[in-house]
Amino acid sequence: MNHWLVKSEPFKYSWDHLVAEGEGMWDGVRNYAARNNLMAMKVGDPVLFYHSNEGKEVVGLAKVSKEHYPDPTTNEPGWVVVNLVPVEKFPGTVTLAQIKKDELLKQMDLVRLSRLSVVPVKREEFDHIVALAHDKK
1 MNHWLVKSEP FKYSWDHLVA EGEGMWDGVR NYAARNNLMA MKVGDPVLFY
51 HSNEGKEVVG LAKVSKEHYP DPTTNEPGWV VVNLVPVEKF PGTVTLAQIK
101 KDELLKQMDL VRLSRLSVVP VKREEFDHIV ALAHDKK
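Here it is in structure tokens:
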């Protein structure tokens with residue numbers, strides 16, 4: 001099982017949008033590295049949901065419900081989507097500023113490859129973020 005983080009601008013597609021839909025298609029990815037990450041996702045993989053630009057924070061936990069298939073929002077071949085379902089809105093958020101200051105997290109791909117909208121997360125990073133989010137009750 002792999003662990004992931006996906007980023008979305010809340011005004012375009014927020015955590016609340018995913019919850020309202022019940023299952024969302026993660027579309028519009030037009031970066032080859034991010035696309036390759038989508039292609040590596042497997043059903044059941046846990047996914048941290050990050051609000052970019054506004055908030056800059058991890059807000060919830062989702063999981064992959066459908067593996068990659070052609071992106072129906074483009075006629076260009078090679079672009080893919082996955083489906084995600086919400087699992088849990090975190091009781092507290094974990095901000096980018098916190099992540100950058102945390103010794104365990106400051107080398108995450110979220111920080112190092114800040115332009116990618118889909119990045120892998122090491123298991124220990126994932127677990128630490130989830131714990132931080134739950135410590136903020």
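Heads up: the sequence shown begins at 1 in UniProt numbering, then just goes up one per residue. All C-beta atoms, glycine included, are put in the ideal place defined by N, C-alpha and C.
Residue 81: which of 36, 106 and 2 sits nearest, CA to CA?
-> 36
Could you check where the alpha helix (DSSP H) with residue 13 kicks off and where it finishes?
-> Neither: residue 13 is in no alpha helix (DSSP H) and is coded neither H nor E.
For residue 83, the three-state DSSP class (helix, strand or coil) | strand
Residue 55 vs residue 10 beta-carbon contact at 8 Å = yes
What is the rounded straight-line gap between the Cα of residue 116 and the Cα of residue 110?
-> 8 Å
Take every Cβ of the region 124-136, pair it with every Cβ of the region 82-91, and state whether three or more of those distances are shorter than 8 Å.
-> yes
Pair within 8 Å by beta-carbon distance, residue 185 and residue 118 = What the structure shows of the chain is the stretch from 1 to 137, and residue 185 is not part of that stretch, so it cannot be assessed.
Using the rule of at least 16 other Cβ atoms within 10 Å of the residue's Cβ for burial, across every protein chain shown, is residue 86 buried or exposed?
-> buried
For residue 49, which of 103, 1 and 95 has the nearest alpha-carbon?
-> 95
Determine the contact status of residue 65 and residue 21, defining contact as a CB-CB distance below 8 Å.
-> no
Selected residue, minimal CA-CA separation from residue 29, among 99, 74, 104 and 126 = 74
Note the first and the last residue of the continuous alpha helix (DSSP H) segment covering residue 38.
-> 32-40
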